[in-house]
Structure formats: C-alpha cells, structure tokens
Amino acid sequence: MNSIMTCLPPNDGHPGVEIAWAADCREAFNQGVRLAQTWLDNARSGWLWAVMIAERDLLPCAIERRAFEVGFLSRIHQRMCSHQAAVSRQRPIPLVNTSGTERP
Numbered sequence: 001m002n003s004i005m006t007c008l009p010p011n012d013g014h015p016g017v018e019i020a021w022a023a024d025c026r027e028a029f030n031q032g033v034r035l036a037q038t039w040l041d042n043a044r045s046g047w048l049w050a051v052m053i054a055e056r057d058l059l060p061c062a063i064e065r066r067a068f069e070v071g072f073l074s075r076i077h078q079r080m081c082s083h084q085a086a087v088s089r090q091r092p093i094p095l096v097n098t099s100g101t102e103r104p
C-alpha cells in the first residue's frame, strides 16, 4: 500500500516532520496547521480546544479529522517547544562548586 506524505515545515526554531497517511489527507492536515497558526497569530482568541473541534467536525471522514488534529496540534507543539527553549535560555545558571557554595 502506498503512503501519502504530509509535511509540517519547521517553525519557531523547531524542526518540521513528515507523516505518512493511508489516504490523501494533505488538505485536512494543512488546514489544521493553518488554523493553529491563525490562532497563534491572533492573540490566542477563543478557547484552543473549541476552535479545533469546531473546524475539525466539519470534515467528512475520520481519517481527515485525525489528520486535521495532528496538523493543528503539531503546530501548537512547535510553538510550545520554542517557548520552553527560550525560557530555559533566559534562566541564569549559577556556578556552584562541589561544596555547594557559589563561585565568585
């Protein structure tokens, strides 16, 4: 059986990913990615879960709904991971010697 590939491009400093599907779900996947990006760009207007469910339920079949969910949540994941990396880079790391006291 041939797989149809969808591609989540790199974004926010987080790598992209390719996902294989048993059917052509590229449009539904890309629709999910676009909707997530719109939500992220518009000051997170509305409840994330409500935005996703309302649009997902408009799709006609289960595999398309799943592809939409994966695209949507993958884009949100990229943003969350980039934010976590930025926060950890900003935290000062104290230099401590083996006795537990700070180094000058």
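With the UniProt record's numbering applied, the sequence shown covers 1 to 104. Here a beta-carbon is modelled for each residue, glycine too, at the ideal position from N, C-alpha and C.
### Query
Which runs of the alpha helix (DSSP H) fall wholly inside the UniProt domain "LasR-specific antiactivator QslA" (10-80) and span at least 4 residues, in chain order?
At a cut-off of 4 residues, the continuous stretches assigned as alpha helix (DSSP H) that sit fully inside the UniProt domain "LasR-specific antiactivator QslA" (10-80) are 26-41 and 48-56.
### Task
Go through its chain and collect everything with a Cβ distance to ILE19's Cβ below 6 Å, but skip five positions before and after it.
Within the sequence shown, residue 19 is the residue found at index 19, counting from 1. Cβ contact annotation for ILE19 (same chain, cutoff 6 Å, sequence separation greater than five): THR6, in chain order.
### Query
In whole angstroms, what is the alpha-carbon distance linking VAL51 and ASN2?
As a first step, residue 51 must be located in the sequence shown, where it is residue number 51. As a first step, residue 2 must be located in the sequence shown, where it is residue number 2. Distance between the alpha carbons of VAL51 and ASN2: 32 Å.
### Task
Could you check which residue in SER82, ALA43, GLY71 and TRP21 has the C-alpha nearest to that of ARG56?
If you number the sequence shown from 1, residue 56 lands on position 56. With distances taken between Cα atoms, ARG56 lies closest to GLY71.
### Sequence-distant residues of the same chain with beta carbon closer than 7 Å to ALA23, five excluded per side
Numbered from 1 along the sequence shown, position 23 holds the residue referred to as residue 23. Closer than 7 Å at the Cβ level, and outside the excluded window around ALA23, lie ILE4 and ILE63.
#### Entry: Residue environment, SER74, which counts as buried when at least 16 other CB atoms sit within 10 Å
The residue labelled residue 74 in the question sits at position 74 within the sequence shown. SER74 comes out buried.
### Query
Which same chain residues, not among the five before or five after PRO9, have their C-beta less than 6 Å away from its C-beta?
Working through the sequence shown from its first residue, we reach residue 9 at position 9. Excluding positions up to five away in sequence, the list reads GLY16.
### Task
Determine the burial state of ALA43: buried for a count of at least 16 other Cβ atoms within 10 Å of its Cβ, exposed for fewer.
The residue you call residue 43 lines up with position 43 of the sequence shown. Exposed.
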